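Contents: one structure, followed by commentary.
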Amino acid sequence: MIDVTTLAGLTLLGAILGLDMVSFPQAMLSRPIVGSTLAGALCGNTAAGLVVGVLLECFALETMPFGASRYPEWGPASVAAGVLAAVPAGGDGASRIAPFAVLAGLAAAMLAGRTLVWLRQFNALEAAKHRDAIAAGDAAAIVGLQWTGIIVDFGRAGAVTALLVVLLVPVRNLVLAQSTAAGAPAVLFAAVVAVGVGGGAFWKVVHNTRGYGWWMLAGLLVGLGVMVAR
Amino acid sequence: MTAARTLPLGTWLRVFARLFAVQGGYNYEVMIGNGIAFAAEPAFRLLPGGRDGDAYHAALARHSRYFNSHPYLAALAVGALVRAELDGEDPARIERFRTACCGPLGAAGDRLIWAGWLPFCSALGLLAFGVGLGAAGVVGVFVGVFNLGHIALRAWGLRAGYREGLQVAAALASPVLRKSPLHVARGTALVAGAALPLALQRLGAVHVWEALSPVVELGFAAVLAAVLAMVLARWQARIDGWRVGVGLLVLFVLYSVVR
Numbered sequence: 001m002i003d004v005t006t007l008a009g010l011t012l013l014g015a016i017l018g019l020d021m022v023s024f025p026q027a028m029l030s031r032p033i034v035g036s037t038l039a040g041a042l043c044g045n046t047a048a049g050l051v052v053g054v055l056l057e058c059f060a061l062e063t064m065p066f067g068a069s070r071y072p073e074w075g076p077a078s079v080a081a082g083v084l085a086a087v088p089a090g091g092d093g094a095s096r097i098a099p100f101a102v103l104a105g106l107a108a109a110m111l112a113g114r115t116l117v118w119l120r121q122f123n124a125l126e127a128a129k130h131r132d133a134i135a136a137g138d139a140a141a142i143v144g145l146q147w148t149g150i151i152v153d154f155g156r157a158g159a160v161t162a163l164l165v166v167l168l169v170p171v172r173n174l175v176l177a178q179s180t181a182a183g184a185p186a187v188l189f190a191a192v193v194a195v196g197v198g199g200g201a202f203w204k205v206v207h208n209t210r211g212y213g214w215w216m217l218a219g220l221l222v223g224l225g226v227m228v229a230r
Numbered sequence: 231m232t233a234a235r236t237l238p239l240g241t242w243l244r245v246f247a248r249l250f251a252v253q254g255g256y257n258y259e260v261m262i263g264n265g266i267a268f269a270a271e272p273a274f275r276l277l278p279g280g281r282d283g284d285a286y287h288a289a290l291a292r293h294s295r296y297f298n299s300h301p302y303l304a305a306l307a308v309g310a311l312v313r314a315e316l317d318g319e320d321p322a323r324i325e326r327f328r329t330a331c332c333g334p335l336g337a338a339g340d341r342l343i344w345a346g347w348l349p350f351c352s353a354l355g356l357l358a359f360g361v362g363l364g365a366a367g368v369v370g371v372f373v374g375v376f377n378l379g380h381i382a383l384r385a386w387g388l389r390a391g392y393r394e395g396l397q398v399a400a401a402l403a404s405p406v407l408r409k410s411p412l413h414v415a416r417g418t419a420l421v422a423g424a425a426l427p428l429a430l431q432r433l434g435a436v437h438v439w440e441a442l443s444p445v446v447e448l449g450f451a452a453v454l455a456a457v458l459a460m461v462l463a464r465w466q467a468r469i470d471g472w473r474v475g476v477g478l479l480v481l482f483v484l485y486s487v488v489r
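Protein sequences, first through last, are from chains W and L. The numbering of the first sequence is this note's numbering, which starts it at 1 and goes up by one. The numbering of the second sequence is this note's numbering, which starts it at 231 and goes up by one.
Rendered as structure tokens:
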């Protein structure tokens, strides 16, 4: 189980990562490869968090925030996924639960993305409240609107993280208790799916580039060379 | 166009720092408009009359209206708009500029960052994992390399925008924006080509089926992943990869629970 101190730490981590996603500073701390790893570290199993973070990162490549599109909120979801994998499970429990942790992370990212829409609607209401002052060039209203958005986003991300952790950990325990999957096949299955999705996502990104196939082939040969060499 | 007056270092730093929060008040009414005014505000204090002057309030009012662009390249717009205001450009011309630069800055930023630099850095992170780096190394490589580019782009944007003013279209034609996406995409293809099999090897390091040798087992897993990637690439217009992935994971979890 997760004690109150750890939950508070995870909530703070989720708040910081969620804030990073859009409001400040967009340093990509919210990416799963970072968020899940840090969550794993907070729960005492950094390696399990890293594995889930790498798996989720492959999926995250599929959902880039182009234009004003609606996109998943990876910050709190990455933290939750990292927690699900890293909370002590005994034996190969961390591996056995990896597919569920990735699945829960994906679902959480989609649901949490909805709260970003609510945040923007809230910001629009705040802007409407101060419309006259902003239209008159009142610096306090402009700066205040910006700070309000940042503070509310911080609170939103923290609350979403805490809720996800509190709701998902019991479900994870239930799945772990019922699951007959062994650890190694579970991780391998999730890895095949994630690498396949990631490969498709990379292809989408580069396939309009002249000669991309040769560059990818060159990388593949280097990768295979390293695999054979060790 | 006259030579740009030099911004005091403190003002430059304040504007630069605020650029990182340009989306803090993001909303569907004015998008990042309020953020543009927020970021430029320290520089507007240099307008005649200072914070109490009409020029200051008029500039803030103008720039808090609708604006949308890629958040990193908003730096280019902020630099240009600050220069235009300090040069006393005609407000109608400034308004036309604001309207005209939204699309190009959004498209250039999406191409350079979301379809370029971020996937490249993700591939680097996966490669760092694949070659066996620890958690700190993987996270350090990803966050460190990404933010070198991120911070440099914002700093370049602010400087180039301020230097060129409303003639900033020249900066949009700079090699940074014109040629970088091509080089970054090639780098992404190269690094991803190496990263994916190595990451798969590390993730599947534990031998699963005794009947197969570890090499055959890994090769089998790699072929399955490659087939999935090719299917997703082939039908990219019809299916989202992550949805397929979710479906497969749901099936696995259900199978492992009900078996």
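A virtual CB, placed ideally from N, CA and C, is assigned to each residue, including glycine. Remember, predicted model here, so these are calculated numbers, not experimental data.
- Residue-level contact by beta carbon holds for Thr-209 (chain W) and chain L, with a gap shorter than 8 Å.
- Chain order gives the chain W residues near Gly-254 (chain L) as Ser-23, Phe-24, Gln-146, Trp-147, Gly-149, Ile-150, Asp-153, where near means a beta carbon separation below 8 Å.
- For the pair Ala-135 (chain W) and Ser-294 (chain L), the Cα-to-Cα distance works out to about 8 Å.
- In this structure Tyr-392 (chain L) is buried. Its beta-carbon is surrounded by 16 or more other beta-carbon atoms within 10 angstroms.
- Inclusion of Phe-24 (chain W) and Ile-142 (chain W) in the CB contact set at 8 Å is not warranted, their separation being larger than that value.
- Within the stretch 311-345 of chain L, the complete alpha helix (DSSP H) segments of 4 residues or longer fall at 321-339, listed in chain order.
- A Cβ-Cβ separation of about 6 Å places Ala-80 (chain W) in contact with Gly-105 (chain W) under the 8 Å criterion.
- For secondary structure counted as the beta strand (DSSP E) over 3 or more consecutive residues, the stretch 98-134 of chain W holds no complete run.
- For the pair Asn-377 (chain L) and Ala-27 (chain W), the CB atoms are nearer than the 8 Å cut-off.
- The criterion of a C-beta distance shorter than 8 Å is satisfied by Val-22 (chain W) and Gln-253 (chain L).
- With contact defined as three or more Cβ pairs closer than 8 Å, the stretch 243-251 of chain L and the stretch 269-277 of chain L are in contact.
- Contact residues of the stretch 259-271 of chain L toward chain W are Glu-259, Val-260, Met-261, Asn-264, Gly-265, Ala-267, Phe-268, Glu-271 (C-beta to C-beta distance below 8 Å).
- Here the C-alpha atom of Gln-397 (chain L) lies approximately 13 Å from the C-alpha atom of Asp-317 (chain L).
- Residue state for Asn-264 (chain L) is assigned as helix, using DSSP reduced to three classes.
- Counting only the Cα atoms, Ala-288 (chain L) lies some 11 Å from Arg-281 (chain L).
- Inclusion of Met-216 (chain W) and Ala-422 (chain L) in the CB contact set at 8 Å is warranted, their separation being smaller than that value.
- The C-beta distance from Leu-176 (chain W) to Val-480 (chain L) rounds to 17 Å, too long to meet the 8 Å contact threshold.
- When Cβ-Cβ separations below 8 Å define contact, Met-216 (chain W) makes contact with chain L.
- Annotation for Trp-118 (chain W): no residue places its beta carbon closer than 6 Å to its own, counting only its chain and skipping 5 residues before and after.
- Chain order gives the chain W residues near Arg-281 (chain L) as Ala-139, where near means a beta carbon separation below 8 Å.
- Think of a sphere of 7 Å around the beta carbon of Pro-65 (chain W): the chain L residues whose beta carbon falls inside it are Trp-344, in chain order.
- Contact annotation for Gly-423 (chain L) against chain W: Phe-202, Trp-215, Met-216, Leu-217, Ala-218, Gly-219, Leu-220, Leu-221, Val-222, Gly-223 [CB-CB distance below 9 Å, chain order].
- A direct Cα-Cα distance of roughly 19 Å separates Arg-408 (chain L) from Phe-66 (chain W).
- For the stretch 468-481 of chain L, the set of residues with a beta-carbon nearer than 8 Å to any beta-carbon of chain W comprises Asp-470, Gly-471, Trp-472, Val-474, Gly-475, Val-476, Leu-478, Leu-479, Val-480, in chain order.
- The bridge partners DSSP lists for Phe-297 (chain L) are L:Met-261.
- Neighbours of Thr-46 (chain W) across chain L, judged by C-beta separation under 7 Å: Ala-365.
- Inter-residue distance for Ala-139 (chain W) and Leu-290 (chain L) is about 7 Å (C-alpha atoms, whole angstroms).
- For Glu-62 (chain W), the secondary structure class from DSSP, reduced to helix, strand or coil, is coil.
- With its beta carbon less than 8 Å from one in chain W, Pro-301 (chain L) belongs to the interface.
- Taking 4 residues as the minimum length, the stretch 419-456 of chain L contains no alpha helix (DSSP H) run wholly inside it.
- Minimum Cα-Cα distance from Trp-242 (chain L) among the listed residues L:Ala-305, L:Asn-264, L:Val-453 corresponds to L:Ala-305.
- For the pair Leu-462 (chain L) and Arg-70 (chain W), the Cα-to-Cα distance works out to about 21 Å.
- Secondary structure at Val-87 (chain W): coil, using DSSP grouped into helix, strand and coil.
- Contact between Phe-359 (chain L) and Val-368 (chain L) holds: their C-beta atoms lie close to 5 Å from each other, under 8 Å.
- In this structure the stretch 317-335 of chain L does not lie against the stretch 163-181 of chain W, because fewer than three pairs of beta carbons, one per stretch, are closer than 8 Å.
- Considering only W:Ala-124, W:Gly-75, W:Gln-121, the residue with the shortest C-alpha distance to Leu-111 (chain W) is W:Gly-75.
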